[in-house]
């Protein structure tokens, strides 16, 4: 379709113009306005089905579309940027807008309106030291705003360095040695800490708190976050500061008490019972008994307790907190993590409680090895004394299950529970609920019978499937054998002896009766 543009004319002038264009989507037309300011524009759209027209009357001085600002430059301090730019719109008062792209991706808009100056500027305040910002500018007519100009080219500006803000978060681990103590110091940038500079280093200073001796110090580059120092048994004040090209940060302070003062607490540390804690979906839940004595609490733990160094971590809590969920990307199921809870007051920390637990318990990796078997005709005693129940296990060992069954039939032993395997065979199951009891006697066995047995440890994560058995053969019951011997052999011996000495036995048991005819009494005449 063709789009003829009808005459443009000033109301006080008969001058008109005509512009035609053929286009399908977006059309445009340009003409020279000379000195004419008021224009009446009629746009007519026509195709084979008909035509339509639209009219607009405007003052060209109210339809100013400025060119984009150019030649941006800046002057900055640690918290302010003064941005300057040039423009080609001389004689027109401009209203300009500056876009500031923050490091976190947020966008801020700042408006400014200057009069007829050779160049314009704006001061942006409240910025972070030694931080990159991306800025650009656009302008519009201040008196009769119609539309913005195009954006200027973006300018990347970095503010100046400043003294580090905030303090470092510091912690320590104390190991008694001959003649004193080894103190391993750790530090990290707390959430409120900012380096505010290009290069940063750390300054560690320690000194005795009592005799005013000369302090000792070391400096470390930014790649370090720990060091070890040796101190004697006196009380020490340790401070750690961050440093950039401008200055030091405020010091973070720890007080290490005298060894004599700690002697009682050291013994108490050994006596502190390690309580068990449980894992959750979000981490390991740890709670403690709060006290108004302390102004904060610290929990420390090792991310990798089986390694050295173990990657010691710590977290601080306020005085009103008495529980926390400790989480770490390093936590994995089946590993025991130990937590120490300290109360702190006046930069002095005291150990209060010890906790231990798993993110999630798993079944034991290894079965107990039966080291000793004591066998009788109706009982068997199993021993597995060397089985460990310490942190090497993948869960807290809660006890043991002893499984027994005759090889060729199901088990029906008195006092046992039935346990069915995946192949539908039955075992007798006995429970040992004390993990330190590593001996068990299975009674009511049948003599002269082959049995299969296995001992399984179980944790909060259960136990592993039964795979291997040990086999025993119960001996004959000697008492029964002796009884059979008595029933068979003794009568046989009696019969044999009687047969061998039957004449003697006959004489003993049935002596011969003498004949009266042979009696001498009849030899007397008076009795004949």
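Numbering (the UniProt record's numbering), first residue to last: 1 to 528. Cβ atoms here follow ideal geometry from the backbone N, Cα and C, with glycine treated the same way. As the structure is a computational prediction, the values presented were derived from the model and not from experiment.
Starting from residue 473, trace the beta strand (DSSP E) both ways and give me its first and last residue.
Reading the chain shown from its first residue, position 473 is the one you call residue 473. Counting along the chain, the beta strand (DSSP E) containing residue 473 begins and ends at 470 to 473.
Quick check: what's the CA-CA separation for residue 81 versus residue 225?
Translated into positions along the chain shown, residue 81 becomes position 81. Translated into positions along the chain shown, residue 225 becomes position 225. Approximately 34 Å between the Cα atoms of the pair.
For residue 428, is the classification buried or exposed, using 16 other Cβ atoms within 10 angstroms of its Cβ as the cut-off for buried?
Within the chain shown, the letter at position 428 stands for residue 428. Classification for residue 428: buried.
Where residue 303 sits in the DSSP three-state scheme
Position 303 of the chain shown holds residue 303. Three-state DSSP puts residue 303 in coil, outside helix and strand.
In the DSSP output, what is residue 147 paired with across the bridge?
Within the chain shown, the letter at position 147 stands for residue 147. Its beta-bridge partners do not exist; DSSP assigns none.
Is residue 271 helix, strand or coil by DSSP?
Residue mapping note: residue 271 aligns to position 271 of the chain shown, counting from 1. Three-state DSSP puts residue 271 in a helix.
For the beta strand (DSSP E) holding residue 406, just list the boundary residues, first then last.
As a first step, residue 406 must be located in the chain shown, where it is residue number 406. Residue 406 -> beta strand (DSSP E) spans 399 to 406.
Buried or exposed for residue 369, going by 16 or more other Cβ atoms inside 10 Å?
The count along the chain shown starts at 1 and reaches residue 369 at position 369. Classification for residue 369: exposed.
What distance in whole Å lies between the Cβ atoms of residue 138 and residue 148, which are believed to be in contact at a cut-off of 8 Å?
Within the chain shown, the letter at position 148 stands for residue 148. Within the chain shown, the letter at position 138 stands for residue 138. That pair is a contact at about 5 Å.
Put residue 464 into one of helix, strand or coil per three-state DSSP.
One-based indexing of the chain shown puts residue 464 at position 464. Coil.
Rounded C-alpha distance that separates residue 341 from residue 302
Counting from 1 along the chain shown, the entry for residue 341 is found at position 341. Counting from 1 along the chain shown, the entry for residue 302 is found at position 302. So the two alpha carbons sit approximately 13 Å from each other.
On a Cα-Cα basis, can you pick out the residue from 331, 323 and 293 that is closest to residue 347?
Within the chain shown, the letter at position 347 stands for residue 347. When each option's Cα is compared against that of residue 347, the closest is 293.
Throw me the rounded Cβ distance for the residue 441 and residue 381 pair, which I believe falls under 8 Å.
Locating residue 441 in the chain shown gives position 441, counting from the first residue. Locating residue 381 in the chain shown gives position 381, counting from the first residue. With a Cβ gap of about 4 Å, residue 441 and residue 381 count as contacting.
Please classify residue 310: does DSSP put it in a helix, a strand, or coil?
Residue numbering aside, residue 310 sits at position 310 when the chain shown is read from its first letter. Residue 310 falls in the coil class under three-state DSSP.
Cβ separation of residue 235 and residue 253, assumed to be a contact under 8 Å, to the nearest whole Å:
On the chain shown, residue 235 is found 235 positions in, with the first residue counted as 1. On the chain shown, residue 253 is found 253 positions in, with the first residue counted as 1. The pair is not a contact, with the Cβ atoms about 13 Å apart (cut-off 8 Å).
Buried or exposed for residue 268, please, with buried defined as at least 16 other CB atoms from any protein chain shown within 10 angstroms of its CB.
Sequence index remark: in the chain shown, residue 268 carries index 268 (1-based). Interpretation of residue 268 is limited by its pLDDT of 48, a score under 50 that renders its predicted location unreliable; no figure is taken from the coordinates.
DSSP three-state call for residue 250: helix, strand or coil?
On the chain shown, residue 250 is found 250 positions in, with the first residue counted as 1. Three-state DSSP puts residue 250 in coil, outside helix and strand.
Where does the unbroken beta strand (DSSP E) through residue 54 begin, and where does it stop?
Within the chain shown, the letter at position 54 stands for residue 54. Looking at the DSSP string, the run of the beta strand (DSSP E) that includes residue 54 is 50 to 59.
How many angstroms separate the CA atom of residue 352 from the CA atom of residue 343?
Within the chain shown, numbered from 1, the residue matching residue 352 stands at position 352. Within the chain shown, numbered from 1, the residue matching residue 343 stands at position 343. Approximately 6 Å, taken between the alpha carbons.
If contact is defined by three or more beta carbon pairs under 8 Å, each pair taking one atom from either stretch, is the region 89 to 105 in contact with the region 126 to 140?
yes
So, for residue 379: in the same chain, excluding its five sequence neighbours on each side, which residues have a beta-carbon less than 8 Å away from its beta-carbon?
The residue you call residue 379 lines up with position 379 of the chain shown. For residue 379, where only same-chain residues beyond five positions count, the Cβ hits under 8 Å are 441, 442, 443, 444 and 445.
Would you check if the region 184 to 196 and the region 157 to 174 touch, i.e. whether three or more CB-CB distances between them fall below 8 Å?
yes
Out of curiosity, what's the CA-to-CA distance linking residue 26 and residue 56?
Counted from its first residue, the chain shown places residue 26 at position 26. Counted from its first residue, the chain shown places residue 56 at position 56. Distance between the alpha carbons of residue 26 and residue 56 is about 18 Å.
Can at least three beta-carbon pairs, one atom from the region 394 to 409 and one from the region 446 to 457, be found at a separation below 8 Å?
yes
Please classify residue 493: does DSSP put it in a helix, a strand, or coil?
If you number the chain shown from 1, residue 493 lands on position 493. Here residue 493 sits in helix by DSSP.
Specify the secondary structure class of residue 84 as computed by DSSP and reduced to three states.
Along the chain shown, read from residue 1 onward, the residue named residue 84 stands at position 84. The answer is strand: DSSP assigns residue 84 an E or B state.
Close Cβ partners of residue 339 (< 6 Å) along its chain, the five nearest in sequence each way excluded
Translated into the one-based positions of the chain shown, residue 339 becomes position 339. Result list for residue 339: 286, 299, 301 and 355, in chain order.
Pairs of beta-carbons, one from the region 193 to 211 and one from the region 320 to 337, closer than 8 Å: are there three or more?
no
Residue 37 classed as buried or exposed, judged by whether at least 16 other C-beta atoms fall within 10 angstroms:
By one-based count along the chain shown, residue 37 stands at place 37. Per the 10 Å Cβ criterion, exposed.
Runs of 3 residues minimum, wholly inside the UniProt domain "Fibronectin type-III" (164 to 262): which ones carry the beta strand (DSSP E) assignment?
You should have 168 to 177, 180 to 189, 201 to 208, 216 to 221, 226 to 231, 236 to 243 and 252 to 256.
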